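Right, dumping it as structure tokens:
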């Protein structure tokens with residue numbers, strides 16, 4: 010599809026669609042493969058490539074994004090004022106940003122305030138691949154988002170520092186049995202580079218998150 014799709018409503022399912030080459034003015038919402046306000050909806054098995062924004066969601070709730078591919082976009086997903094959603098099983102590769110809530114052009118155009126705490130809340134990001142993104146794999150603001158079992162490899166920066174202050178980079182507590190013994194623990198993320206600390210305050214191995222929230 011070579012034109013942005015504006016979608017507004019609820020109980021919508023998009024399956025196996027392709028959105029490509031949407032490259033109008035950066036501050037224009039039409040510069041997105043999909044833009045809109047949706048509720049209780051699913052986007053799955055879709056491809057977003059060579060767009061300014063692959064998927065721009067504003068003031069949306071209960072949206073599931075599953076098994077989609079975002080490549081060579083300025084930003085793969087831009088969620089603003091979004092709540093109670095899931096992003097899982099997706100690939101973000103060779104974008105400037107994989108997932109980005111920090112979109113100044115949109116804030117200015119639509120008059121959003123700068124209360125970053127409300128931008129993204131109660132989302133689960135799991136089992137996604139973030140590979141070779143030029144700026145940040147995740148540049149997110151908001152709170153109470155759970156981010157775990159994701160693969161981060163060869164990104165310039167994996168996560169912005171602000172994200173670790175009010176979000177959870179691990180799963181909820183799990184109980185499991187191994188060799189007759191019961192254990193409790195949490196699942197983190199995989200960072201594929203050699204051990205070291207990035208500018209964002211995230212170590213490049215799973216257990217080195219500075220300032221991480223523990224529920």
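Residue numbers (my numbering): 10 to 224. Ideal Cβ placement from N, Cα and C applies to all residues, glycine included. From a predicted model like this one, the values you see are computed outputs, not experimental measurements.
Item: Which value, in whole angstroms, describes the spacing of the CA atoms of residue 163 and residue 177?; Value: 22 Å
Item: Which complete beta strand (DSSP E) runs does the segment 31-114 hold, if anything under 3 residues is left out?; Value: 41-53, 56-58, 62-67, 70-75, 78-80, 84-89, 95-97, 100-102, 106-109
Item: Thinking just about the alpha-carbon of each residue, which of 71, 133, 93, 188 is nearest to the one in residue 197?; Value: 133
Item: Quick check: residue 201 and residue 170, are their CB atoms within less than 8 Å of each other?; Value: no
Item: Where do the ends of the beta strand (DSSP E) carrying residue 20 lie?; Value: No beta strand (DSSP E) holds residue 20; DSSP gives it neither H nor E.
Item: If you drop the 5 nearest sequence neighbours on each side, which residues of the same chain put their C-beta closer than 6 Å to that of residue 17?; Value: 45, 46
Item: Relative to the alpha-carbon of residue 142, which residue among 148, 95, 105 has its alpha-carbon at the smallest distance?; Value: 105
Item: Ordered along the chain, which non-local residues of its own chain (more than five positions away) have a Cβ less than 6 Å from that of residue 56?; Value: 27, 78
Item: Reducing DSSP to helix, strand and coil, say where residue 182 ends up.; Value: coil
Item: Among 183, 24, 188, 103, which one has its Cα closest to the Cα of residue 147?; Value: 103
Item: Do you know offhand how far residue 88's Cα is from residue 195's?; Value: 26 Å
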